[in-house]
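**Student:** In this note's numbering, each residue carries its 1-based index in the sequence shown increased by 1.
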Amino acid sequence: MANGGGGGGSSGGGGGGGGSTLRMSSNIHANLLSLDASSSSSSSSSSSSSSSSSSSSSVHEPKMDALIIPVTMEVPCDSRGQRMWWAFLASSMVTFFGGLFIILLWRTLKYLWTVCCHCGGKTKEAQKINNGSSQADGTLKPVDEKEEAVAAEVGWMTSVKDWAGVMISAQTLTGRVLVVLVFALSIGALVIYFIDSSNPIESCQNFYKDFTLQIDMAFNVFFLLYFGLRFIAANDKLWFWLEVNSVVDFFTVPPVFVSVYLNRSWLGLRFLRALRLIQFSEILQFLNILKTSNSIKLVNLLSIFISTWLTAAGFIHLVENSGDPWENFQNNQALTYWECVYLLMVTMSTVGYGDVYAKTTLGRLFMVFFILGGLAMFASYVPEIIELIGNRKKYGGSYSAVSGRKHIVVCGHITLESVSNFLKDFLHKDRDDVNVEIVFLHNISPNLELEALFKRHFTQVEFYQGSVLNPHDLARVKIESADACLILANKYCADPDAEDASNIMRVISIKNYHPKIRIITQMLQYHNKAHLLNIPSWNWKEGDDAICLAELKLGFIAQSCLAQGLSTMLANLFSMRSFIKIEEDTWQKYYLEGVSNEMYTEYLSSAFVGLSFPTVCELCFVKLKLLMIAIEYKSANRESRILINPGNHLKIQEGTLGFFIASDAKEVKRAFFYCKACHDDITDPKRIKKCGCKRRKTFLQLFYKCQIGFTLPTNNTRRVVSMPGTWKLRTRCTEDISLFVVLMVT
Numbered sequence: 002m003a004n005g006g007g008g009g010g011s012s013g014g015g016g017g018g019g020g021s022t023l024r025m026s027s028n029i030h031a032n033l034l035s036l037d038a039s040s041s042s043s044s045s046s047s048s049s050s051s052s053s054s055s056s057s058s059s060v061h062e063p064k065m066d067a068l069i070i071p072v073t074m075e076v077p078c079d080s081r082g083q084r085m086w087w088a089f090l091a092s093s094m095v096t097f098f099g100g101l102f103i104i105l106l107w108r109t110l111k112y113l114w115t116v117c118c119h120c121g122g123k124t125k126e127a128q129k130i131n132n133g134s135s136q137a138d139g140t141l142k143p144v145d146e147k148e149e150a151v152a153a154e155v156g157w158m159t160s161v162k163d164w165a166g167v168m169i170s171a172q173t174l175t176g177r178v179l180v181v182l183v184f185a186l187s188i189g190a191l192v193i194y195f196i197d198s199s200n201p202i203e204s205c206q207n208f209y210k211d212f213t214l215q216i217d218m219a220f221n222v223f224f225l226l227y228f229g230l231r232f233i234a235a236n237d238k239l240w241f242w243l244e245v246n247s248v249v250d251f252f253t254v255p256p257v258f259v260s261v262y263l264n265r266s267w268l269g270l271r272f273l274r275a276l277r278l279i280q281f282s283e284i285l286q287f288l289n290i291l292k293t294s295n296s297i298k299l300v301n302l303l304s305i306f307i308s309t310w311l312t313a314a315g316f317i318h319l320v321e322n323s324g325d326p327w328e329n330f331q332n333n334q335a336l337t338y339w340e341c342v343y344l345l346m347v348t349m350s351t352v353g354y355g356d357v358y359a360k361t362t363l364g365r366l367f368m369v370f371f372i373l374g375g376l377a378m379f380a381s382y383v384p385e386i387i388e389l390i391g392n393r394k395k396y397g398g399s400y401s402a403v404s405g406r407k408h409i410v411v412c413g414h415i416t417l418e419s420v421s422n423f424l425k426d427f428l429h430k431d432r433d434d435v436n437v438e439i440v441f442l443h444n445i446s447p448n449l450e451l452e453a454l455f456k457r458h459f460t461q462v463e464f465y466q467g468s469v470l471n472p473h474d475l476a477r478v479k480i481e482s483a484d485a486c487l488i489l490a491n492k493y494c495a496d497p498d499a500e501d502a503s504n505i506m507r508v509i510s511i512k513n514y515h516p517k518i519r520i521i522t523q524m525l526q527y528h529n530k531a532h533l534l535n536i537p538s539w540n541w542k543e544g545d546d547a548i549c550l551a552e553l554k555l556g557f558i559a560q561s562c563l564a565q566g567l568s569t570m571l572a573n574l575f576s577m578r579s580f581i582k583i584e585e586d587t588w589q590k591y592y593l594e595g596v597s598n599e600m601y602t603e604y605l606s607s608a609f610v611g612l613s614f615p616t617v618c619e620l621c622f623v624k625l626k627l628l629m630i631a632i633e634y635k636s637a638n639r640e641s642r643i644l645i646n647p648g649n650h651l652k653i654q655e656g657t658l659g660f661f662i663a664s665d666a667k668e669v670k671r672a673f674f675y676c677k678a679c680h681d682d683i684t685d686p687k688r689i690k691k692c693g694c695k696r697r698k699t700f701l702q703l704f705y706k707c708q709i710g711f712t713l714p715t716n717n718t719r720r721v722v723s724m725p726g727t728w729k730l731r732t733r734c735t736e737d738i739s740l741f742v743v744l745m746v747t
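(1) Take residue 385 and list the residues in its own chain whose beta-carbon comes closer than 7 angstroms to its own, dropping the five residues that flank it on each side.
(2) So, do the segment 248-264 and the segment 329-346 have three or more beta carbon pairs nearer to each other than 8 angstroms?
(3) Taking the straight line between their C-alpha atoms, what separation do you get for residue 620 and residue 407?
(4) For residue 239, I'd like the list of residues in its chain whose CB is within less than 6 angstroms of its CB, leaving aside the five on either flank, ordered along the chain.
(5) Mapping DSSP to helix, strand and coil, what is residue 250?
(6) Taking residue 506 as the reference, which of 556, 187, 536 has the closest Cα?
(7) Could you tell me which residues DSSP pairs with residue 658 in its beta bridges?
(8) Using the rule of at least 16 other Cβ atoms within 10 Å of the residue's Cβ for burial, across every protein chain shown, is residue 277 buried or exposed?
(9) Under 8 angstroms, with one C-beta from each stretch per pair, do the segment 391-400 and the segment 361-375 reach the 3-pair mark?
(10) Pick helix, strand or coil for residue 716, following the three-state DSSP scheme.
(11) Does DSSP put residue 364 in a helix, a strand or coil?
(12) Any idea which residues DSSP pairs residue 267 with across the strands?
(13) To the nearest angstrom, how far is the alpha carbon of residue 37 from that of residue 340?
(14) Give me the DSSP bridge partner(s) of residue 408.
(15) On the criterion of 16 or more Cβ atoms from any shown chain inside 10 Å, does residue 517 qualify as buried, or is it exposed?
(16) Between the C-alpha atoms of residue 144 and residue 161, what's the straight-line distance to the nearest angstrom?
(17) Residue 282 to residue 292, Cα distance in whole Å?
(18) Can you find the residues in the same chain that come closer than 6 angstroms, C-beta to C-beta, to residue 647, ignoring five residues on each side of it along the sequence?
(19) Rounded to the nearest angstrom, how far is the Cβ of residue 480 from that of residue 515, given a contact under 8 angstroms?
(20) Skipping 5 residues on each side, what residues in its chain have a beta carbon closer than 7 angstroms to that of residue 166?
(21) Under 8 angstroms, with one C-beta from each stretch per pair, do the segment 657-675 and the segment 601-610 reach the 3-pair mark?
(22) Starting from residue 486, trace the beta strand (DSSP E) in both directions and tell me its first and last residue.
(23) Look at residue 198 and residue 338 and say whether their C-beta atoms are less than 7 angstroms apart.
(24) So, is residue 483 buried or exposed, given that buried needs 16 or more other C-beta atoms within 10 angstroms?
(25) With DSSP as the reference, label residue 463 as helix, strand or coil.
(26) Tell me whether residue 522 sits in a helix, a strand or coil according to DSSP, three-state version.
(27) Considering only the alpha carbon of each residue, which of 391, 175, 485, 115 lies closest to residue 295?
(28) Output the distance between the C-alpha atoms of residue 472 and residue 444, rounded to the nearest integer angstrom.
(29) So what does residue 643 bridge to, in DSSP terms?
(30) Going by beta carbon distance, what residues of the same chain come within less than 8 angstroms of residue 57, once the five residues before and after it are set aside?
(31) Check the C-beta distance from residue 228 over to residue 186 and give it rounded, since I have them as a contact under 8 angstroms.
(32) Would you call residue 12 buried or exposed, if buried means 16 or more other Cβ atoms sit within 10 Å of its Cβ?
(33) By how many angstroms is the C-alpha of residue 585 removed from the C-alpha of residue 634?
(34) Once the 5 residues before and after residue 287 are set aside, which same chain residues still bring their CB inside 8 angstroms of it?
(35) Can you tell me which of 412, 491, 437 puts its alpha carbon nearest to the alpha carbon of residue 467?
(36) Are residue 470 and residue 500 touching if we call contact CB-CB under 7 angstroms?
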């Protein structure tokens with residue numbers, strides 16, 4: 002009885018920290034069963050005439066039967082006062098060393114066979130030399146049937162080996178799915194270990210009633226099949242047998258089958274499944290999630306660190322809850338798995354609070370070696386991980402496109418001057434509401450001044466560090482969904498041809514990534530524009546264009562020779578300036594008032610349909626205080642062209658686009674909202690707004706009828722630029738001319 006109580010006590014101490022009340026009640030129940038059995042045996046021995054030895058044996062037998070503990074999840078499992086952990090460990094050791102012995106024996110026999118065949122081959126070669134006359138006659142000996150059978154067998158084995166290699170190498174979709182599935186099931190088995198770690202180290206479990214044991218069995222059957230595939234595909238069987246993944250399978254798969262056979266469970270070395278976390282970076286690479294070297298290195302360091310941490314915690318949990326075997330498992334302590342994780346972390350970081358510590362000799366011996374290795378790993382891995390995280394580019398994220406909002410990509414020469422000029426014109430308040438987000442892409446991080454400029458316009462401007470020559474960076478800024486891509490040139494560069502060559506290379510890179518993207522680029526020399534025509538996806542009709550600064554300057558000079566002051570007027574129309582009020586009646590007042598005007602486009606109201614161009618111009622100037630200079634005329638075949646002051650013969654059609662000179666976009670909206678029935682008696686043009694009789698359906702039909710490719714403001718009001726040299730407006734309904742203006746100004 003004392004022995005049985007001692008065995009039960011040691012088993013009870015092997016618990017994982019939970020279920021002590023249930024174990025105590027079960028032990029009391031076992032003791033009551035033992036007392037009942039002893040009393041019944043004493044009464045039976047007094048009534049019989051057997052010898053004292055036989056009576057004592059009859060009394061002893063029920064005591065041993067009383068030690069049989071019911072099959073429950075909570076009660077530690079003893080077999081007549083003995084643990085069965087050795088059976089689980091023996092299954093793994095026999096599998097490992099048995100397979101190792103077979104592999105070494107096979108290699109030895111294969112080596113001896115090769116030596117014998119080599120000696121026999123030399124004998125046959127000598128015979129062939131002696132019988133050289135038969136070969137001189139041109140006669141060939143028939144191939145032996147045994148050699149054909151061996152060759153066929155080798156060919157079949159090679160095919161199976163190649164198939165297994167493809168299955169585990171993730172070269173095919175099936176292989177990738179299999180590799181990812183094995184990793185996912187390994188993590189699932191590790192989670193089951195975390196759940197079972199709250200139970201005693203060794204306990205009785207019924208396979209048909211334990212749900213976690215059934216799931217773990219299914220996982221390990223799959224691991225066994227995958228182990229067979231890996232064994233078949235391995236070129237060096239001995240090296241494969243000693244791999245980390247193979248050792249993990251040896252100490253986790255066989256104990257599960259022993260658990261089913263013995264109807265008991267041993268937590269054992271199942272924590273070794275945490276070593277599978279080392280392959281986490283490979284899995285992410287198979288899934289095309291990790292692409293950069295820094296991210297791969299970071300995940301590698303983290304996975305090695307965490308897997309080592311969890312594995313060491315599992316070993317401490319096992320030995321501390323079990324105790325030392327030479328101490329009859331009496332020096333154990335109840336520690337949960339997560340307490341062991343905490344113990345390993347404070348030990349590895351050399352903090353060592355001392356609130357949790359190892360009591361067993363095995364645990365302390367393991368901690369000695371773990372401190373040496375863990376401290377080295379902690380001192381090398383943690384700083385490197387922090388360095389990788391700290392070296393992450395501040396502007397290395399990806400643009401998140403907002404539904405219903407357009408964005409353009411600006412690249413090339415990104416400096417404080419070019420960006421400030423661009424934003425000053427593009428985001429000018431006269432444009433009304435510009436619902437377009439600007440994404441800058443440059444390979445150099447911005448300085449403090451440029452960064453401050455981006456922060457002042459953070460609601461509409463984003464900056465990302467990268468190069469347009471890198472497809473990965475183009476994907477980050479969502480170039481495929483951008484409305485346009487603008488390439489800025491360095492006007493003050495020492496070598497204009499080299500600057501143009503750089504911009505042409507940017508155009509080629511962007512077009513190779515997304516041929517349909519609209520590109521507007523700055524060029525410094527006129528003759529370099531011809532190189533853009535050699536790009537297959539470059540299409541002038543789709544909005545691609547090159548703005549040559551030298552061409553614009555020379556055109557301004559030429560037009561100034563024909564009409565004095567024309568270049569000044571065009572420059573004033575091109576630039577965005579707000580009106581500055583001057584009280585004095587001087588020439589500066591009128592000059593600044595004219596400078597504040599720009600050129601815009603807007604659809605004409607249906608009230609102008611049927612009227613001649615001069616009549617509409619007069620009505621706009623007198624009634625709406627707008628100066629209309631041209632319209633977009635669409636012929637019968639739907640081809641559009643710009644007509645400047647076409648005369649009385651042209652009648653305004655429905656959906657005609659007019660070109661106005663005005664101070665801001667709000668003024669131009671009067672031409673769209675004007676209604677003869679509602680606004681005929683209004684004298685103040687500021688009161689001309691959307692009326693109740695204005696049909697919104699007409700506007701929508703006109704909007705979709707004219708395929709607007711890119712419009713700066715949401716109200717479809719756009720600026721226009723005139724090209725010097727021909728005094729002809731180069732614009733289409735699908736083209737946003739204001740981008741030309743912005744590029745020229747920058």
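All C-beta atoms in this analysis are idealised placements derived from N, C-alpha and C, irrespective of residue type, glycine included.
**Tutor:** To lay it out plainly:
(1) 302
(2) In this structure the segment 248-264 does not touch the segment 329-346; the number of beta carbon pairs closer than 8 angstroms is below three.
(3) 35 angstroms
(4) 104
(5) helix
(6) 536
(7) 604, 633
(8) Classification for residue 277: buried.
(9) no
(10) Its pLDDT being 35, under 50, residue 716 is placed unreliably by the model, and the measurement read from it follows with that caveat. Residue 716 falls in the coil class under three-state DSSP.
(11) helix
(12) 203
(13) In this prediction, residue 37 has a pLDDT of 43, which is less than 50 and means its spatial position is unreliable; what the coordinates show is noted afterwards. Looking at the two C-alpha atoms, the distance is approximately 41 angstroms.
(14) 438
(15) exposed
(16) Note on residue 144: pLDDT 47, under 50, position unreliable in the model; no value is reported.
(17) 10 angstroms
(18) 614
(19) 6 angstroms
(20) Sequence-distant Cβ neighbours of residue 166 in its own chain, meaning closer than 7 angstroms and more than five residues away, are 234.
(21) Using a Cβ-Cβ distance cut-off of 8 angstroms, the segment 657-675 and the segment 601-610 are in contact, since at least three pairs of beta carbons, one from each stretch, lie closer than that value.
(22) 485-489
(23) yes
(24) buried
(25) Here residue 463 carries a strand assignment [DSSP, helix/strand/coil].
(26) strand
(27) 391
(28) The straight-line gap separating the alpha-carbon atoms of residue 472 and residue 444 is approximately 13 angstroms.
(29) BP columns for residue 643 point to 633.
(30) Note that residue 57 has pLDDT 37, beneath the 50 cutoff, so the model's placement of it is unreliable and no number is given.
(31) Going by Cβ atoms, the distance from residue 228 to residue 186 rounds to 13 angstroms, so no, they are not a contact pair.
(32) The predicted model places residue 12 with a pLDDT of 37, which falls under 50 and marks its position as unreliable; any figure quoted below should be read in that light. Buried, by the Cβ-count rule.
(33) 43 angstroms
(34) 171, 177, 180, 181
(35) 412
(36) No, the pair does not count as a contact, with Cβ atoms beyond the cut-off.
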